[in-house]
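Chains as they are written, first to last, in our numbering: chain A, 75 to 308; chain B, 75 to 308; chain C, 168 to 397; chain D, 40 to 362; chain E, 40 to 362. Heads up, the beta-carbon is just placed ideally off N, CA and C, and yes, glycines get one too. All figures in this text were calculated on a predicted structure; none of them were measured in a lab. Heads up: the structure comes next, in structure tokens.
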Amino acid sequence: MVAAVDWPGLPAQLRSEPLRDALWLSLTTSTAAMLVCLLLGLPLAWLLARVDFAGRGALRALVTVPLVLPPVVAGVALRTAFGRTGVLGAPLEELTGFSFPFTVWGVVLAHVFVSLPFVVIAVEGALRSANPEYDAAAATLGASRWTGFRRVTVPLALPGILAGMVLGWARSLGEFGATITFNGNYPGRTQTMPTLIYVTRQADQDAALALSLVMLVVSVAILVMLRDRWLVTP
Amino acid sequence: MVAAVDWPGLPAQLRSEPLRDALWLSLTTSTAAMLVCLLLGLPLAWLLARVDFAGRGALRALVTVPLVLPPVVAGVALRTAFGRTGVLGAPLEELTGFSFPFTVWGVVLAHVFVSLPFVVIAVEGALRSANPEYDAAAATLGASRWTGFRRVTVPLALPGILAGMVLGWARSLGEFGATITFNGNYPGRTQTMPTLIYVTRQADQDAALALSLVMLVVSVAILVMLRDRWLVTP
Amino acid sequence: STGTGAGDADTLTVLAAASLTDVYAELATEFEAEHPGVDVELSFGSSTELAEQAADGAPGDVLATADPISMRVATDADATATEPVVFGTNSMVLVVPAGNPAGIAGLDDLAGSTWVRCADEVPCGRVALALVEQNGLSSEPASLEQDVRSALEKVTSGEADAGLVYATDAASAGDAVEVVPVPGAGRAATSYLLAVLDGAQAPGLAQDWVDLVLSEAGRTVLTDAGFGAP
Amino acid sequence: MSFDVRLTVPGRLEAGLTAADGDVVAVIGPNGAGKSTLVRALAGLVQADGHARLDGVNLLRVPARDRHVGLVFQDQMLFPHLTARDNVAFGPRARGVPRAEADAAAVAWLDRLGVAELAGRRPRQLSGGQAQRVAIARALAADPRLLLLDEPMAGLDVGVATSLRLELSAHLAEFTGVTLLVTHDAIDALTIASHVLVVDEGRVAQFGTPLEVSQQPATDHVARLVGLNVLRRGDLLRAFSPTAVTVDVQEPHGSARNRWPGRVAAVSPHGGTLRLVVRTTDGPELIADVTPAAATELGLTPGRAVWLSVKESSVRSYAAAPA
Amino acid sequence: MSFDVRLTVPGRLEAGLTAADGDVVAVIGPNGAGKSTLVRALAGLVQADGHARLDGVNLLRVPARDRHVGLVFQDQMLFPHLTARDNVAFGPRARGVPRAEADAAAVAWLDRLGVAELAGRRPRQLSGGQAQRVAIARALAADPRLLLLDEPMAGLDVGVATSLRLELSAHLAEFTGVTLLVTHDAIDALTIASHVLVVDEGRVAQFGTPLEVSQQPATDHVARLVGLNVLRRGDLLRAFSPTAVTVDVQEPHGSARNRWPGRVAAVSPHGGTLRLVVRTTDGPELIADVTPAAATELGLTPGRAVWLSVKESSVRSYAAAPA
Ligand SMILES: Nc1ncnc2c1ncn2[C@@H]1O[C@H](COP(=O)(O)OP(=O)(O)OP(=O)(O)O)[C@@H](O)[C@H]1O
Ligand SMILES: Nc1ncnc2c1ncn2[C@@H]1O[C@H](COP(=O)(O)OP(=O)(O)OP(=O)(O)O)[C@@H](O)[C@H]1O
Ligand code: MOO
Ligand SMILES: [Mg+2]
Ligand SMILES: [Mg+2]
């Protein structure tokens, strides 16, 4: 794969606007999606791991759904819900004039949809591995659920949470089917790296490979950087 | 999405041979891939979490690669490596006459390729959350690394490992791009559910949705069953 | 019927562009009726993908692509045993969702609306681009779709107000879309090619398949689905 | 303030006690008696039925976080990811004290417990006794209304234990809340406490002042703890001090009606005397204190066959607590 | 068999000791002295330089799993996912004993420690003392050549502690390997051990027989542990028993040249006497034993100002161990 790349042509490609746009869009939307996943996923995972309530099995099954949907079907599901004529999308557009498809927000939404289960399941696993007695200790010291969660549960489960974040981010970055089905493909707006690579490949194999390589290098570099900073807890 | 399904036609579809073949293929290859991922991923995760060796950073980066590859590119990467003219595929075929692409084994290989990082990262996170002092206790009792790993490390990190297995299995089940690129789309041999859904969608959108729903129900049912059996540790 | 080559396997494997799903399925039934004991295995995918797989030695007897460029990938790799033949064409049309909610009456109305077409790099995109340029259309689409099916779906689902798709897609969508006439649409067309593959396990059956597609019966099936004559 | 407890943890504990402002209740009993269970039920970590009324409020109905108890866990449970200071500051901060103030208070507490210089360390970098002191600081710093100390002295060296005992007595003397102190140490039970609760097999065997309990121990365990021999005869308990026991190597001919043959099981120094543990042939284990001179003379080493006797006048008889 | 240790854990410990077949070495010292560090270094859980030769083999060069030590952790570290029986059977099974046999051995060990009926429980379902006993059983069941016990008696009730002490002495008497027993309890150190290693601030302060150590304690800590007062004068240590201390409420006029003003900090029963801890005004804390009668007469309650004195003839002087 590395050998197949058109090395002399690479610098020119790197300067090409579609590549820069797509790379930037991919990185920002994946990061945004990861943050949203964390915001939604952490409490959800905590609920699933620590609180014993009636609908727990059902909620867990629900969270798992996007995991087993083929990406394209995920896109269709998203459209049914958030499309312009969708169950939630239609009222939303009526009220605010805003609609998700064909926008950056749509890309983030698609990423969140496919990545959230990864985050939730990985984090739930981590929370279950951590000793719940510490939560109890925090409670006897007067910590509210939120304080205990923030200052004890999360730090103790941190390695697992970070793993979940990496998984979510990477899943978003590589995601293709749901994004293109829900948002289509427009350079600078909804054209992420995988989409760019896909369409480029239809015309020019080698160019697509070069693009893949760029994406690979950038994302692995970011992951390695993150790992060295945060993920290797002392 | 549920509303859009052609309910009266469903029973007939359920009995159709392509559906049964594809569903069976998807379930078996995903399960096989998950087992392979476990076999490869557990030691790998353990190595990354517990052993301090020189190439650790590099190995971790390498494991992460398939995670950030768009699925189609993953398929191309696989072809470059294991294709009939691939770096490893060509010698393999010469020696044994066996080649991966366009076979069930190729499907499993593609699934393993895309799912392995999920398993490794989730399991590494779980191992890091578990207290390494217990490993030390096992060692003082004369347990070999392997015994300690099997009887102490793994049981203690079980929730995280199970989460990793679920993630890997589900990722394989939904995987489409790498599989179709590397293995094509041969009914009964390499046509998994996502591929069948893709093809069906070319002709009949509603039939595709019905297939998706079948897949969804079956896989969520399996996950829920597994959870109730194993994943909710007392 | 035509003679079956001795030593041929009893399965014919056809690699075909996804847009041929319906017609090839119909032709396969006919083929199996004519060749008792023979199974037709259809493997659909994107033209480029299939051509590449064929070049990589994917099992298959015939390859049908939706454009000449993809077919060239296979011929360049010496993966074909016979000269590719054109067996049909497909032209671009403008479709709107049933009821035409955005009131699109022609290409000029696309400005300001949410419309889609295929990306420049994919076969259907090249055709669409030609049509757009012919008509001097300057309005930008909301999305450049990965394949024509996705473009059609954006319209049938109501996400897009209009889309440029093949005539065959418009036909298969039935009542879900309405076709808006576009000047010069017929000229913006692509041709479908068919060739027997070098690695065919059943070269005789493969040739029979080519013959069937090119036959009068084949012609009828294609025309019914909206394909044009070669 | 008043504290009135009657609670049940099904299958493990059924206990009641009352205490007033400033009381220190020592909880003693054998391993597995239910001491930790009682403490944890009061803290809200174990589900319990019944009531535990503190100033009229039934704690058992209040979530753990709002009970305002200070708990030293038997196994410490220091937060592994926080420094000693942050562990101690956790309680105050959870109750809304500003960071700087909470930190200062934490350091002050660590200082009182003699581990201020370890403020920046994580629990895993502390020795067992150091960690124990941080755990005590953490419980006290939370400014609780109910202080629950589960074996706070375990693992502390004599010097630290003594000064901690002093520190704790001083603190408890000022403390207006109620304290429960689980201990296996007679000194803690008899010197710091105002009341002693004896738990045995999940039930209260005795509840009274240290004097009552030490003079009329209701169970064998308490007798051992306070260093008395206790025998049961029908409904009566008969207690006598190890100093009242005479040790002979032959069967004694004296007037003592209470005599037992046995073997020396252990010898250990005890104050200025030597304490023998004797396994009687068909009775209980008894303890006897002898002078070092006598021990040498009689050759009282483990394994030696001996006769123990005690004069009836040295035996105090009292009614056994109803079981 | 011989055991010869000289090891360094940088920044935490520098220690040496020698022992022979069947020796029991008590390791004592204040909290944070380095006792657990020594034990963990020998077990291979802490990196150490130097050597620890057991029968000529340097353990420090052998991986932990092959050292054949039996270790009771200060914080137990029972495997939380295994039952008590499986915890105890873990060592034998790791060394290749068949399952049924290992299980039987495990139950036998649990029985010797009085917790056989808890064999099927998980650690979290055990009380602190019960868990401690399972931990001891686990260490002994592994059939070690070197037995490392880090505060095995902590958290045990008096009854259990006594019988465990007996059980342990009996076991250790038969045991041909070397035992290191970390303890804060003088009784363990002086009755079970054949040698006592005193650790202080990461160094060996004293190493000798229990008699040597108890009669000439080299550190304040040991003095307290064995119940002596120890003062340093130049290079000399001066030890005297608490029974030799006279307590007055006014400045004594007698011949005693050693006298200190101070205040009573604590009073506790000790054998037949009462033990006072007195904080001297400008000196160390001293202990004095008085009769209950005297205590009542003089009103010796905490806070009382007193004078302590000791006759020179009651003071034993000896050279301090080189620091
Ligand atoms: N989670 C549990 N499930 C079932 N039984 C338990 C559980 N925890 C403790 N027990 C049992 O309850 C009884 C009381 O335990 P508890 O911890 O209160 O004893 P304790 O008095 O604190 O003993 P120790 O002095 O050993 O700490 C014991 O027999 C113990 O085995
Ligand atoms: N991981 C660590 N990193 C740095 N210092 C440590 C670490 N573990 C222990 N220490 C320090 O080393 C010293 C010796 O600790 P050690 O645990 O050996 O003490 P100990 O004698 O067992 O005390 P205790 O009686 O309290 O158990 C202590 O001052 C402790 O704070
Ligand atoms: O999983 Mo995909 O195969 O993102 O399109
Ligand atoms: Mg307890
Ligand atoms: Mg220690």
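Inter-stretch contact at 8 angstroms, needing at least 3 Cβ pairs: the segment 127-143 of chain A / the segment 218-226 of chain A = no
query = Cα separation between Arg275 of chain B and Ala192 of chain C?
reply = Position 201 of the second sequence, counted from the start, is the residue given in the question as residue 275 of chain B. Position 25 of the third sequence, counted from the start, is the residue given in the question as residue 192 of chain C. About 14 angstroms.
key: Arg275 of chain A (DSSP reduced to helix, strand or coil)   = Within the first sequence, the letter at position 201 stands for residue 275 of chain A. Arg275 of chain A falls in the helix class under three-state DSSP.
key: Pair within 8 angstroms by beta-carbon distance, Val298 of chain B and Leu97 of chain B   = In the second sequence, the residue the question calls residue 298 of chain B occupies position 224. In the second sequence, the residue the question calls residue 97 of chain B occupies position 23. Cβ atoms of Val298 of chain B and Leu97 of chain B: not closer than 8 angstroms.
task = Examine the Cβ distances between the segment 299-311 of chain C and the segment 197-206 of chain C and report whether three or more of them are shorter than 8 angstroms.
result = Counting Cβ pairs under 8 angstroms, fewer than three are found: no touch.
inquiry  = Short of 8 angstroms in beta carbon distance, which residues of its chain neighbour Glu208 of chain C, apart from the five on each side in sequence? Order them along the chain.
reply    = Numbered from its first residue, the third sequence carries residue 208 of chain C at position 41. The answer, listed in chain order, is Thr178, Leu179, Thr180, Val181.
ask   = Short check: CB of Leu77 of chain E to CB of Leu185 of chain E, under 8 angstroms?
value = The residue given as residue 77 of chain E occupies position 38 in the fifth sequence. The residue given as residue 185 of chain E occupies position 146 in the fifth sequence. No; because the gap between Cβ atoms is not below 8 angstroms, this pair is not in contact.
Local Cβ density within 10 Å of Gly157 of chain A, reported as buried at 16 or more and exposed below that = Locating residue 157 of chain A in the first sequence gives position 83, where the first residue counts as 1. That one is buried.
Contact between the segment 183-203 of chain B and the segment 227-241 of chain A (3+ Cβ pairs under 8 angstroms) = yes
query = Quick one: which chain B residues come within Cβ less than 7 angstroms of Ser203 of chain A?
reply = Taking the first residue of the first sequence as position 1, residue 203 of chain A is located at position 129. Near Ser203 of chain A (Cβ distances below 7 angstroms), the residues of chain B are Ala200, Ser203, Ala204, Ala231, Pro233, Gly234.
ask   = Under the criterion of a Cβ to heavy atom distance below 7 angstroms, does Gln245 of chain D qualify as lining ligand 4?
value = Locating residue 245 of chain D in the fourth sequence gives position 206, where the first residue counts as 1. Checking the Cβ of Gln245 of chain D against ligand 4 gives no.
message = Any C-beta of chain A within less than 7 angstroms: which residues of the segment 373-388 of chain C qualify?
response = none
inquiry  = Closer than 7 angstroms between beta carbons: that is the criterion. Which residues of the segment 189-208 of chain C meet it against chain B?
reply    = Asp189, Glu208
key: Pairwise C-alpha distance: Ala212 of chain B and Phe129 of chain E   = On the fifth sequence, position 90 is the one that residue 129 of chain E refers to. On the second sequence, position 138 is the one that residue 212 of chain B refers to. For Phe129 of chain E and Ala212 of chain B, the distance between alpha carbons rounds to 8 angstroms.
task = Give the C-beta separation of Pro144 of chain A and Phe250 of chain B to the nearest angstrom, bearing in mind that I take them to be a contact with Cβ-Cβ under 8 angstroms.
result = Numbered from its first residue, the first sequence carries residue 144 of chain A at position 70. Numbered from its first residue, the second sequence carries residue 250 of chain B at position 176. Rounded to the nearest angstrom, the Cβ distance from Pro144 of chain A to Phe250 of chain B is 5 angstroms, consistent with a contact under 8 angstroms.
task = Since I believe Leu99 of chain E is in contact with His107 of chain E (beta carbons under 8 angstroms), could you give me their beta-carbon distance rounded to a whole number of angstroms?
result = Walking along the fifth sequence from the start, residue 107 of chain E turns up at place 68. Walking along the fifth sequence from the start, residue 99 of chain E turns up at place 60. Taking 8 angstroms as the upper bound for CB-CB distance, His107 of chain E and Leu99 of chain E are not in contact here, some 14 angstroms apart.
request  = Please determine, among C:Leu381, C:Gly341, C:Ala329, C:Pro348, the residue with the shortest C-alpha to C-alpha distance to Cys285 of chain C.
outcome  = Indexing the third sequence from 1 puts residue 285 of chain C at position 118. Minimum Cα distance to Cys285 of chain C is reached at C:Ala329.
task = Answer yes or no: do Ala304 of chain D and Val286 of chain D have a C-beta to C-beta separation smaller than 8 angstroms?
result = Taking the first residue of the fourth sequence as position 1, residue 304 of chain D is located at position 265. Taking the first residue of the fourth sequence as position 1, residue 286 of chain D is located at position 247. The answer is no: Cβ separation not under 8 angstroms.
task = Please compile the residues from chain B whose C-beta is within a distance smaller than 7 angstroms of the C-beta of Phe256 of chain A.
result = In the first sequence, the residue the question calls residue 256 of chain A occupies position 182. The premise fails here: Phe256 of chain A is roughly 13 angstroms from chain B at the closest Cβ pair, so nothing lies under 7 angstroms.
task = Find the residues of chain B that neighbour Val101 of chain E, judging by a C-beta separation of less than 7 angstroms, and give them in chain order.
result = Translated into positions along the fifth sequence, residue 101 of chain E becomes position 62. Within 7 angstroms Cβ-Cβ: nothing; Val101 of chain E doesn't reach chain B, min ~11 angstroms.
ask   = Since Leu81 of chain D is in the alpha helix (DSSP H), which residue starts that stretch and which ends it?
value = As a working mapping, residue 81 of chain D is identified with position 42 in the fourth sequence. Note, Leu81 of chain D: alpha helix (DSSP H), 74-82.
Nearest residue (CA-CA) to Gln86 of chain E, options E:Gly95, E:Val101, E:Val96, E:Asp94 = Sequence index remark: in the fifth sequence, residue 86 of chain E carries index 47 (1-based). Closest option to Gln86 of chain E, judged by alpha-carbon separation, among E:Gly95, E:Val101, E:Val96, E:Asp94: E:Val101.
inquiry  = Following a CB-centred definition, is Gln113 of chain D positioned closer than 7 angstroms to any heavy atom of ligand 4?
reply    = Along the fourth sequence, one-based indexing puts residue 113 of chain D at 74. The answer is yes for Gln113 of chain D.
message = At a cut-off of 7 angstroms, would you count Ala72 of chain D as near ligand 6, judging by its Cβ distance to the nearest heavy atom?
response = With respect to small molecules bound, the structure shown includes ligand 1, ligand 2, ligand 3, ligand 4 and ligand 5 and not ligand 6.
query = For ligand 4, any of its heavy atoms closer than 7 angstroms to the Cβ of Asp189 of chain D?
reply = Walking along the fourth sequence from the start, residue 189 of chain D turns up at place 150. At least one heavy atom of ligand 4 lies closer than 7 angstroms to the C-beta of Asp189 of chain D.
message = Does the CB of Gly171 of chain B have a neighbour CB from chain C at under 8 angstroms?
response = Position 97 of the second sequence holds residue 171 of chain B. For Gly171 of chain B, the answer is no, since every Cβ of chain C falls outside 8 angstroms of its Cβ.
request  = Please check if any C-beta of chain A sits within less than 8 angstroms of the C-beta of Leu217 of chain C.
outcome  = Against the third sequence, residue 217 of chain C aligns to sequence position 50. Not one chain A Cβ lies under 8 angstroms of Leu217 of chain C.
request  = Quick one: which residues of the segment 144-164 of chain A get their C-beta closer than 7 angstroms to a C-beta of chain G? List them in chain order.
outcome  = The structure shown contains no chain G; its protein chains are A, B, C, D and E.
inquiry  = Going by C-alpha to C-alpha distance, which of E:Val154, E:Arg79, E:Gln164 sits closest to Gly50 of chain D?
reply    = For the purposes of this step, residue 50 of chain D is identified with residue 11 of the fourth sequence, where counting begins at 1. Per the Cα distances, E:Gln164.
key: Rounded C-alpha distance that separates Thr320 of chain D from Ser348 of chain D   = As a working note, residue 320 of chain D is residue 281 in the fourth sequence. As a working note, residue 348 of chain D is residue 309 in the fourth sequence. Their backbone Cα atoms lie some 13 angstroms apart in a straight line.
key: Distance cut-off 7 angstroms: Gly167 of chain D Cβ against heavy atoms of ligand 5   = The residue labelled residue 167 of chain D in the question sits at position 128 within the fourth sequence. Flag set: Cβ of Gly167 of chain D near ligand 5.
inquiry  = Quick check: the Cα distance between Ser168 of chain C and Thr196 of chain C, rounded to an integer number of angstroms?
reply    = Position 1 of the third sequence holds residue 168 of chain C. Position 29 of the third sequence holds residue 196 of chain C. Legend: pLDDT at Ser168 of chain C = 39, less than 50; position of this residue unreliable, value from coordinates given subsequently. Roughly 15 angstroms between the two C-alpha positions.
query = To the nearest angstrom, how far is it from the Cα of Val306 of chain B to the Cα of Thr227 of chain A?
reply = Here residue 306 of chain B corresponds to residue number 232 of the second sequence, with the count starting at 1. Here residue 227 of chain A corresponds to residue number 153 of the first sequence, with the count starting at 1. Residue placement at Val306 of chain B is poorly supported in this model, since its pLDDT is 48, which falls under 50; the coordinates are not used for a value here.
inquiry  = Just checking: is the beta-carbon of Phe176 of chain A within a distance shorter than 8 angstroms of some beta-carbon in chain C?
reply    = Within the first sequence, residue 176 of chain A is the residue found at index 102, counting from 1. Interface residue, yes.
query = Should Thr222 of chain D be counted as a contact of ligand 1 given a C-beta to heavy atom distance under 7 angstroms?
reply = Along the fourth sequence, read from residue 1 onward, the residue named residue 222 of chain D stands at position 183. No, the beta carbon of Thr222 of chain D sits no closer than 7 angstroms to any heavy atom of ligand 1.
task = Using the DSSP secondary-structure output, state which residues sit across from Glu245 of chain E in a beta bridge.
result = The count along the fifth sequence starts at 1 and reaches residue 245 of chain E at position 206. With the sequence shown as reference, residue 245 of chain E is identified as Gln, and Glu is not the correct amino acid for it. According to DSSP, which records beta bridges pairwise, Gln245 of chain E is partnered with E:Val237.
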